[in-house]
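So the sequence shown is numbered by numbering that gives the first Met the number 0: it starts at 0 and just counts up by one.
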Amino acid sequence: MKSVGCAQQTTSKKASEKTTTATTVRDRAVQRANRKLRQTAEEEEAENKKTVFVGNVSREVTKRQLHKLFSEAGKIENIRLRGIYPAKETLGKRVAVITNQINENVPTQFYFIRYADEEAAKSAVEMLNARVVKEYPLRVDLCSAKPVYSSKLSVFVGNLPFEAKEEEVRQHFESQEIQPVDFVRIVRDAETGLGKGFGFVCFKDRSLAKKALKLNDTEFCGRKIRVTRTNADGNVKTVKKPKRKNAQAGSSTSRILTSNAKAEKVGKRKPRNVGQRKKSAKKTIMS
């Protein structure tokens, strides 16, 4: 009997040691993964500091031309073309570029340009932001800077046609003496490149943003656009609904629906057993 007991203890000890070893291995693997993620995040942050986003680039501008222009700010390590939208959803972006089957409703594209150092990237923003190339003003931002559309310097524009172009929106605002417009950003579908029906118009002067609100309900491409302030997160400013003085002031229909919902909830309760009924009766007597 003693030998059986000793064997059980030995087996239990070995199992415990295996569990401890497995836990230690797992913990070390997690630590290595976290360390790698931290290194990757730091590397990415360092890359972003010397990389610029170049938007609103005309499709007529070639990669070589853009490289020559941005080399004025410093040595370029890498330039990547983005913002390509195929003419057909079944086409891949690479095939669309090779066969030149690009969605003609999107006349612009964007690039990411990585410089050899941070100073060159900063110089590119200072030198080339708003530079007009092939009739399109470039939008140049550091990738390390988060895009924020200040409520004091921008307006949200809604009910835009899906085919609307940034330059058309710019011209609409500037034709009403609200100028100069710093830049326009139409939010687009990542797959088709078509607009989602809204965007942002940004200015460098806060008085222009305030003046732009007067264009609310004006006609643009056959539609009445909605122009409102943006909040600090770059979204449409929400308007809080006034609180009702009396919670019972709702419609009779809503009160009936609420009552029906409560009745249905009560009807779904499980029947109480004998013990629960006795406990409930005891509480009633005690009270």
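Where is the CB? At the ideal position from N, CA and C, for every residue including glycine.
Model, not experiment: these values are computed from the prediction.
With 16 other CB atoms within 10 Å as the buried threshold, where does residue i fall?
i: A182; result: Note that residue 182 is Phe in the sequence shown here, rather than Ala. When all chains shown are included, F182 counts as buried.
i: H66; result: exposed
i: V180; result: buried
i: N55; result: buried
i: L207; result: buried
i: L214; result: buried
i: E165; result: buried
i: V105; result: buried
i: A163; result: buried
i: S150; result: buried
i: V226; result: buried
i: V94; result: exposed
i: G194; result: buried
With a Cβ-Cβ cutoff of 8 angstroms, do residue i and residue j count as a contact?
i: T107; j: Y84; result: no
i: K133; j: E42; result: no
i: V154; j: T229; result: yes
i: E44; j: S143; result: yes
i: L159; j: G196; result: yes
i: L80; j: K62; result: yes
Could you have a look at residue i and say whether DSSP puts it in helix, strand or coil?
i: V60; result: coil
i: K223; result: strand
i: K87; result: coil
i: N55; result: strand
i: V132; result: strand
i: F69; result: helix
i: N47; result: helix
i: S153; result: strand
i: T191; result: coil
i: V186; result: strand
i: E103; result: coil
i: E176; result: coil
i: T39; result: helix
i: T252; result: For T252, the pLDDT reaches just 37, beneath the cut-off of 50, and the residue's location in the model is therefore unreliable, although a value from the coordinates is still provided. Looking at T252 - three-state DSSP - the assignment turns out to be helix.
Give the C-beta separation of residue i and residue j to the nearest angstrom, bearing in mind that I take them to be a contact with Cβ-Cβ under 8 angstroms.
i: K74; j: Y114; result: 7 angstroms
i: V200; j: F172; result: 6 angstroms
i: L152; j: L137; result: No, L152 and L137 are not in contact; Cβ-Cβ is about 19 angstroms, not under 8 angstroms.
i: F69; j: I112; result: 5 angstroms
i: N102; j: G157; result: So it is not a contact: roughly 23 angstroms between Cβ atoms.
i: K223; j: T217; result: 7 angstroms
i: A211; j: I177; result: 5 angstroms
Taking one C-beta from the stretch 122-142 and one from the stretch 41-59 each time, how about it: are there three or more such pairs within less than 8 angstroms?
In short, these stretches touch, since the Cβ pair count reaches three.
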